[in-house]
Amino acid sequence: MATTITRPASALDWSRWWPAPAKLNLCLHILGQKPDGYHELETVFQLLDLHDLVNFSARTDGKIVRTEGKSEINPDEDLVVRAAHALRDYTLTKKPQVPKYCSAKKGVSIRCRKRIPLQAGMGGGSSDAATSLLVLNKLWECGLNQSELMQIGAKLGADVPLFVAGHSAYGRGIGEKLEPIKLPESWFIIVKPDVDLSTQKIFANSGLTRDSDALTIHGFFELLGAMHESLPGQNDCQNVVCEENEEVAQVIDWLDNYGPARLTGTGSSVFLPCRNESIAKAIFDQVGLSKSTHNWQLMIAKGLNRSLLHKMLDETKRIKRKSKTKV
Numbered sequence: 121m122a123t124t125i126t127r128p129a130s131a132l133d134w135s136r137w138w139p140a141p142a143k144l145n146l147c148l149h150i151l152g153q154k155p156d157g158y159h160e161l162e163t164v165f166q167l168l169d170l171h172d173l174v175n176f177s178a179r180t181d182g183k184i185v186r187t188e189g190k191s192e193i194n195p196d197e198d199l200v201v202r203a204a205h206a207l208r209d210y211t212l213t214k215k216p217q218v219p220k221y222c223s224a225k226k227g228v229s230i231r232c233r234k235r236i237p238l239q240a241g242m243g244g245g246s247s248d249a250a251t252s253l254l255v256l257n258k259l260w261e262c263g264l265n266q267s268e269l270m271q272i273g274a275k276l277g278a279d280v281p282l283f284v285a286g287h288s289a290y291g292r293g294i295g296e297k298l299e300p301i302k303l304p305e306s307w308f309i310i311v312k313p314d315v316d317l318s319t320q321k322i323f324a325n326s327g328l329t330r331d332s333d334a335l336t337i338h339g340f341f342e343l344l345g346a347m348h349e350s351l352p353g354q355n356d357c358q359n360v361v362c363e364e365n366e367e368v369a370q371v372i373d374w375l376d377n378y379g380p381a382r383l384t385g386t387g388s389s390v391f392l393p394c395r396n397e398s399i400a401k402a403i404f405d406q407v408g409l410s411k412s413t414h415n416w417q418l419m420i421a422k423g424l425n426r427s428l429l430h431k432m433l434d435e436t437k438r439i440k441r442k443s444k445t446k447v
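Taken in order, the sequence shown gives residues 121 to 447; the numbers are from my numbering.
Here is the structure:
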């Protein structure tokens, strides 16, 4: 008689460090403002191999606690914690039938090691939240599908659904209308000056362009082949940010010496696309040698189409299928 052992979730799954990848907005167009005050946006999201790391430990006392993380972020307000609460609340109160083996009531301890700079426009907090939703859905055995997780994520932040979906994408609306796309897996130099920006203040600025023409995804791909000479589209927030933040403008001017540099999202990070890794490393070294008087964070990252987290989750599924024991 054959018996398939699929339970409980393995200790290996609980002991792992799970990636929470960063993103860039290759362009950001503001097409208009809605009656509710939100803006209609168009953007292209590029996922990166740069990532935070998140670890989950099982508890039995029902508490959700962050035991490691950035001191600047209040643990109770950290998106990685809020996502865990939101997942548990949805599973236990809104799901028609809670799976028999669901352990969401038992709680979890969360450790988060940040590699993605804060307030950088690279989606660090949103990605941490998505990792919390995706991994705890698996470890707690909540049984939610991707659509349900994206629905929960959208209430936590506009970028969370992107990371739940796990693929570079063309985005519309406030970023929640996503169409997966395949981008060239370019390399990027990313520089984060010692500047923190307020998205709310940027969108409230009277000088902000709010009537850009839409750049269709077809039009974007026509221009994408020459991205290293001229980036398609624009970031409509960039001029406003540069007018009010001299150091961001300085970073853009500096990187423009090597190619087309652009602000990502509404954060203060600036990226430069590179043809390959060797070129990226050569430029990275030159920028590093020349930034001695500035408190800049320098990063080099590879663009990915599929999230590292989703690749890991797919691999764990394959391992479990192979490890089913037959007696």
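Even for Gly, the Cβ is constructed at its ideal location relative to N, Cα and C.
- Ranked by Cα distance from Q166, the first of K214, G243, V185 and V228 is G243.
- Taking the C-beta atoms as reference points, A285 is found nearer than 9 Å to Q266.
- Per DSSP, the beta bridge partners of P141 are H171.
- Counting of Cβ neighbours within 10 angstroms places S427 among the buried residues, the total reaching 16 or more.
- Between the beta-carbon of W138 and that of T251 there is about 5 Å, and that keeps the pair under the 8 Å contact cut.
- If only uninterrupted beta strand (DSSP E) runs of at least 3 residues are considered, those enclosed by the region 295–366 are 297–300 and 307–312.
- In this structure, A289 sits near E299, with a CB-CB distance shorter than 9 Å.
- Pairing D331 with T163, the inter-Cα distance amounts to about 14 Å.
- Pairing V228 with I184 gives a Cβ-Cβ distance under 9 Å.
- Under the three-state reduction of DSSP, R202 is assigned to helix.
- Sequence-distant partners of N325 (beyond 5 residues in either direction) whose C-beta falls short of 6 Å from its own C-beta, in its chain, are V360.
- L256 places its beta carbon 9 Å or farther from that of A421.
- Collapsing the DSSP output to three states places G408 in a helix.
- Selection A203, S223 and T436 evaluated against P281 yields A203 as nearest (Cα-Cα).
- Minimum Cα-Cα distance from N396 among the listed residues T384, I309, H414 and K214 corresponds to I309.
- In the structure shown, Y210 adopts helical secondary structure according to DSSP, grouped into three states.
- Taking a contact as a CB-CB distance under 8 Å, the pair D248 and A140 counts as one, their CB atoms being some 5 Å apart.
- Burial check for D156: the Cβ neighbour count within 10 Å stays below 16, so the residue is exposed.
- Remark: C-beta atoms of T319 and N145 do not approach each other more closely than 9 Å.
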